[in-house]
Structure formats: C-alpha cells, structure tokens
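Just so we're aligned, residue 10 is where the sequence shown starts under the numbering used here, counting upward by one.
Note that the Cβ used here is the ideal one computed from N, Cα and C, for glycine as well.
Here is the structure we will look at.
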Amino acid sequence: MTPAAKHHRARRLALQGLCCLDVQGPEALELVLEFIRDSREDPQTVAEAEGMLLSAFAVRDQADVLLGGQSEHWDVARMALVDRNVLRLAVWELMAGRAPRKVVISEAVRLAKEFSTAESGRFINGVLDAASRRLDELDNQRHGRDSRDARDAEEPVVDSQ
Numbered sequence: 010m011t012p013a014a015k016h017h018r019a020r021r022l023a024l025q026g027l028c029c030l031d032v033q034g035p036e037a038l039e040l041v042l043e044f045i046r047d048s049r050e051d052p053q054t055v056a057e058a059e060g061m062l063l064s065a066f067a068v069r070d071q072a073d074v075l076l077g078g079q080s081e082h083w084d085v086a087r088m089a090l091v092d093r094n095v096l097r098l099a100v101w102e103l104m105a106g107r108a109p110r111k112v113v114i115s116e117a118v119r120l121a122k123e124f125s126t127a128e129s130g131r132f133i134n135g136v137l138d139a140a141s142r143r144l145d146e147l148d149n150q151r152h153g154r155d156s157r158d159a160r161d162a163e164e165p166v167v168d169s170q
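This is the structure we're talking about:
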C-alpha cells in the first residue's frame with residue numbers, strides 16, 4: 010500500500026471518530042479510540058488516525074470560527090454532520106501544515122464524496138479554499154508580511170471527478 014493510501018485510510022478513521030464525537034460528545038473518546046485500535050489497519054495507520062482525531066478534536070472550536078467566516082449562508086452547526094467534520098479535519102491539517110494545501114483539499118473532497126454526497130465535494134472545495142487563504146492571511150499578519158504567500162497564488166482546487 011502506498012503512503013498516500015495509508016494517509017487516506019488514517020483520515021477515514023479520524024473522520025469516523027470525529028463524527029462519533031460530534032454526536033456523542035467527548036465522553037465517547039475512549040470508545041472512539043478503541044474503535045480505531047480495533048480496525049484492521051496496520052499500527053502506523055492506527056497511530057496516525059488517533060493523532061489526527063485527537064488533534065482535530067482539540068482545535069474544533071477554532072476550526073468552527075474559521076469555517077463560520079468562510080461558509081456564506083451556512084452556520085457550522087447547521088452543516089451536515091459529515092461535511093462539518095470533513096472540514097474540521099481539513100482545517101486542522103491546514104493549520105498544522107501536514108500536507109500541501111491542494112492535497113488537503115483534494116483529500117477532503119474525496120472523503121466528502123465517500124461519506125456524504127457528490128454535491129458535498131463542491132461545497133467542501135469552496136469553503137476550504139477560502140479558509141486556507143484566510144489562514145495564510147493570518148499567518149502573514151502574524152509574521153509581519155505584506156506580500157502574498159506563495160500558497161495564495163495557487164489556483165483553487167477543482168475536483169474533476
């Protein structure tokens with residue numbers, strides 16, 4: 010299995026865990042971690058999924074604030090469960106700088122299509138493109154840079170599937 014496929018499988022597990030925690034609350038954390046550990050994935054993928062889940066869950070409030078400012082006419086709490094958690098996971102990845110922006114957005118669109126609806130892909134793509142640009146603006150402000158970051162110059166990700 011390729012490293013990209015392993016990362017995707019870890020994202021899938023983390024997303025499932027985030028959705029469970031969103032419904033059940035933080036009290037279900039141990040049960041969700043047990044679900045991940047009981048998956049048939051290799052230890053490295055399980056460890057990555059656990060780390061992603063815990064990290065994305067820890068910054069969910071920050072992610073929701075960012076997402077709320079980027080998703081016109083959509084309150085984060087009113088978004089579909091899967092879409093909301095795909096976005097939270099992707100925002101954490103963008104904040105952590107785990108992968109290039111295009112990869113994060115592409116993976117999020119893929120997860121949305123896999124677990125939500127085909128239409129969710131467009132929504133996820135648009136919101137994440139705006140959110141990633143906002144994160145870049147905030148980073149530039151924090152570091153006193155006036156010029157646009159190289160990532161700002163990228164074209165938005167367009168899903169061709």
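Own chain, CB closer than 8 Å to residue i, minus 5 neighbours either side, in chain order
i: Arg46; result: Val55, Glu59
Which of helix, strand or coil DSSP assigns to residue i
i: Val55; result: helix
i: Arg151; result: helix
i: Ser48; result: coil
i: Val68; result: coil
i: Trp101; result: helix
i: Met10; result: coil
Classification of residue i by the beta-carbon crowding that lies within 10 angstroms, buried from 16 upward
i: Leu30; result: buried
i: Ser156; result: Here Ser156 scores only 43 on pLDDT, less than 50, and its place in the model is too uncertain to base an answer on.
i: Met10; result: exposed
i: Glu43; result: exposed
i: Asp70; result: exposed
6 Å CB neighbourhood of residue i in its chain, flanking five on each side removed
i: Ala14; result: none
Nearest neighbour of residue i, chosen from the options [CA to CA]
i: Pro35; options: Arg21, Glu50, Gln53, Ala67; result: Ala67
i: Ser64; options: Glu50, Leu38, Asp138, Ser48; result: Leu38
i: Leu130; options: Val113, Gln150, Leu144, Ala23; result: Rather than Leu, the amino acid found at residue 130 in this sequence is Gly. Minimum Cα distance to Gly130 is reached at Val113.
i: His16; options: Glu57, Ser48, Arg49; result: Glu57
Beta carbon proximity, residue i to chain B, threshold 7 Å
i: Ala89; result: The chain inventory of the structure shown lacks chain B, comprising one protein chain alone.
Cβ-Cβ distance between residue i and residue j below 7 Å
i: Ala72; j: Val100; result: yes
i: Asp92; j: Ser125; result: yes
i: Leu90; j: Cys28; result: yes
Own chain partners of residue i with C-beta closer than 7 Å, once the 5 adjacent residues on each side are dropped
i: Arg20; result: Met61, Leu98, Glu116, Leu120
i: Gly135; result: none
i: Gln79; result: Val136, Ala139, Ala140, Arg143
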